[in-house]
Every structure is written in C-alpha cells, then in structure tokens.
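Be aware that the sequence shown starts at -19, since it is given in the numbering used here, and climbs by one per residue. Each residue gets a CB set at the ideal place from its N, CA and C atoms; glycine is no exception. Given the structure is predicted, the values throughout are model-derived calculations rather than measurements. Below is one structure, written out as structure tokens; the observations come after it.
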Amino acid sequence: MESYKELTVWQKAINLVEEVYKLTAEFPKDELYGLVNQMRRASVSIPSNVAEGSRRKDLPEYLHFLRISDGLASELETQVIIARRLYPELKYTRVEGLLLEIQKMLNVLIIRLELKVRERA
-19 MESYKELTVW QKAINLVEEV YKLTAEFPKD ELYGLVNQMR RASVSIPSNV AEGSRRKDLP
41 EYLHFLRISD GLASELETQV IIARRLYPEL KYTRVEGLLL EIQKMLNVLI IRLELKVRER
101 A
C-alpha cells in the first residue's frame, strides 16, 4: 500500500488545514474558543484520520477511518455554513472548494474499498 503522503486526498486535506487556519485567523477574537477552535480541530482531523487509517492492516479498519474523515468533512462544512452567516464579509471560496473536492475524493475511495471488501468476502 502506498504511503498516505502520496494520497491526493491526504495532500488536499493538508492544504485545507492551511486554508482553514488562514480563514479563521480573520475571525473575531471572541470566536477563538468557539468556531475557530472547532473548525481547526475538524480540519486537522480529516488528514489525520486518512493517515491513521491507511496504516491499518486490513481494509475494514481503513474504511472506518475514511468514514470518520468523511463525517469530519461534513462537520467542517456545517461550521463553514454557520461562519458564512455570521461573518459574510470573509472569503470562504478556497475552503469551500477544497472541502468539496475532498468530500468527493473520500466518497470515491470509500466506494472502491467497499467493493474490494465485498470481493474478498
């Protein structure tokens, strides 16, 4: 199995973390322990779970971690929607674009691995 660092979805998720940190740096200081913290944690957890799952020895475990990453992406998407409503003057385009790409890539990867698991059963 290839290194998680070679996975495009992991690389894009790392880029997403950078963009989320840049975006949330523009939030009001009173959000530091609110949306800023939540969005940063969710974004960091997406590539972290891809990496952890890829190091697991069997496909069902890998799938489990990919599903967690997918759930975290939806969590972050919801937080971006909330942030956009609260702070519409900020630029969300890069975060939203990367997030959408990552969600699509995770879905494709999950479907492919589910098929492999079924074939082996």
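Taking a 10 Å sphere around the C-beta of residue 29, we find 16 or more other C-beta atoms and assign the residue as buried. In this model, residue -9 and residue -17 are separated by some 11 Å (Cα to Cα). Comparing alpha carbon positions, the residue from 44, 1, 54 and 48 closest to residue 80 is 54. In this structure the stretch 60 to 78 lies against the stretch 15 to 31, because at least three pairs of beta carbons, one per stretch, are closer than 8 Å. The residue among 50, 5, 99 and 6 with its C-alpha nearest the C-alpha of residue -11 is 50.
DSSP assignment within the stretch -6 to 29 yields no whole beta strand (DSSP E) run of 3 residues or more. Counting along the chain, residue -13 sits inside no alpha helix (DSSP H), nor does DSSP assign it H or E at all. Residue 6 and residue 71 have their C-alpha atoms some 10 Å from each other. Residue environment: residue 8 is assigned as exposed (fewer than 16 neighbouring CB atoms within 10 Å of its CB, all protein chains considered).
Here the alpha carbon of residue 59 sits roughly 11 Å from the alpha carbon of residue 4.
The shortest CA-to-CA distance from residue 52 to any of 83, 69 and 43 is the one to 83.
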